[in-house]
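Each remark here refers to the structure printed beneath this line.
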Amino acid sequence: MESVTAPEPTGASVRLRPEIAALPPYRQGRPAPADGYKLSSNENPFPPLPGVVAAVAASANEINRYPDATALTLREKLADRYGVSADEVLVGVGSVSLLAQFIAAAAGPGDEVVYSWRSFEAYPGLVTVAGATSVVVGNRDDHGHDLEAMAAAVTDRTRVAIVCSPNNPTGVIVTAAEFEAFMARVPRDLLVLLDEAYIEFVRDEASVDGRTLIGRHPNLVMLRTFSKAYGLAGLRVGYAIGPVPILDAAHSTAIPLGVTGTATAAALASLEPAAEAELLERVGVIAARRDRLRDALVAQGWPVPQAQGNFVWLPTGDATADVAERLFEAGLVTRAFPPDGIRVSVGEEESVDTLLRILGELVPASQEGHHA
Ligand SMILES: *Cc1c(COP(=O)(O)O)cnc(C)c1O
């Protein structure tokens, strides 16, 4: 008679990769209360433009078909704008997907990926999923990237370096001069990913701008997204511009057909001159609101670093959870990164008054009177 073994009663009935099983399970952030504001995901507070909604609605008539596998129409449009060929543009399911694709294309077990920390919270998981190892370099005291230390951390095992400007969650830019010096110092066969998810919000003229570097480095790829400035976070579409062989490799590591026809239709509609002008005007409104918010916080005594994205960083240290809770009680959902600080998105105008009222009551004692 055959012996029948009962299956394991736990979830551990299959052999998972240990480094994956050890990753913290994803927990959705708290939704904003009905009369509150969601300032936790750096979303655009403006509703979609009617023309974009119309393009999305029209795309519904074709959902029985698979999308174009390479989003050629959108690539051509972007290629035209950036003065490159369509083969030098890769469209992805948001730039998070593109980051995953490039990392998987270049780094595997035994390889290293260098980035600054604290930076975008997705980086560590993407590196681990690729089987590679993260090498993190602490931010400078001003919360910007320490590019000299990052260059010094590159070894013959390093396959990718990620530079995020403006840095999420701290808001600090990398300057063009700093970036040039970094590119001159790292090996020409090291893939450098310049993550510019917030470039449209930058008003500091010293900032690096990937657009001015196109064609100048055989190892540089620039990543941009429609999620933030263009307000399409829910549709998942971003793009990379860089050398064709690197983009071809990153196309190979993508899950096929992820970019939907609806997403490309919305992106194309957003690039129509009238629509884009309106979207960029909104970006201007948010950038101005950000500057007012940061100036007011600094005047209250908060040591908020330079803020060039659509968010501000509060270095709350050990008080992070308490401050985030107080904001939540006032209807403001923010993103807390204990024990470092809190990232607050620049959202609806009405959220700013509440924010300043609550934070005005919570200025850290050590900061009071240190008005910069
Ligand atoms: C939001 C963000 C992205 C892009 O997100 P997608 O919605 O996937 O395009 C990429 N990098 C950083 C640093 C971000 O904050």
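Using the UniProt record's numbering, you'd call the opening residue of the sequence shown number 1 and step up by one each time.
Just so it is clear, CB atoms sit at the ideal spot from N, CA and C, and this is done for glycine as well.
Source: prediction; values computed, not measured.
> Is it true that the region 258–267 meets the region 63–79, where meeting means three or more beta-carbon pairs spaced less than 8 Å apart?
Replying inline: Contact holds: three or more Cβ-Cβ distances are below 8 Å.
>> Tell me the rounded alpha-carbon separation between V298 and I63.
In response: C-alpha separation (whole angstroms): 50 Å.
> When you compare only the Cα positions, how much space is there between V84 and T175?
Replying inline: If I take the Cα positions, the gap works out to 24 Å.
> Which residue spans inside the region 84–122 form an unbroken beta strand (DSSP E) run of at least 3?
Replying inline: Counting only runs of 3 or more, we get 89–92 and 112–117.
> How many angstroms separate the CA atom of V136 from the CA atom of V163?
Replying inline: Near 12 Å, if we compare the C-alpha coordinates of V163 and V136.
>> From the DSSP secondary-structure annotation, give me the bridge partner or partners of V135.
In response: In the DSSP output, where bridge partners are listed per residue, V135 has V114.
> Measuring from the CB of S207, is there a heavy atom of ligand 1 at a distance below 7 Å?
Replying inline: Checking the 7 Å criterion, the Cβ of S207 is out of range of every heavy atom belonging to ligand 1.
> What's the call for L49, buried or exposed, on a 16-neighbour Cβ count within 10 Å?
Replying inline: So L49 ends up on the buried side.
>> Since E112 and T158 should fall inside the 8 Å C-beta cutoff, what is the C-beta to C-beta distance between them, to a whole number of angstroms?
In response: In this structure E112 is in contact with T158, their Cβ atoms being roughly 5 Å apart against a cut-off of 8 Å.
> Since G309 and F226 are thought to touch, with beta carbons under 8 Å apart, how far apart are those beta carbons, to the nearest angstrom?
Replying inline: F226 and G309 do not touch by the CB rule: their CB atoms are close to 16 Å apart, not below 8 Å.
>> Between S227 and ligand 1, is there a pair consisting of the residue's CB and a ligand heavy atom that are separated by less than 7 Å?
In response: In this structure, S227 has its CB closer than 7 Å to one or more heavy atoms of ligand 1.
> Can you give the Cα-Cα distance for G36 and P338, rounded to whole angstroms?
Replying inline: So the two alpha carbons sit approximately 23 Å from each other.
> Around the Cβ of L257, are there at least 16 other Cβ atoms within 10 angstroms (buried) or fewer (exposed)?
Replying inline: Under the 10 Å beta carbon count, L257 is surrounded by fewer than 16 other beta carbons and is classified as exposed.
>> For a test of the three-state rule: what should DSSP assign to F226, helix, strand or coil?
In response: Three-state DSSP puts F226 in coil, outside helix and strand.
> For I241 versus M222, is the C-beta spacing smaller than 8 Å?
Replying inline: Yes. Within cutoff.
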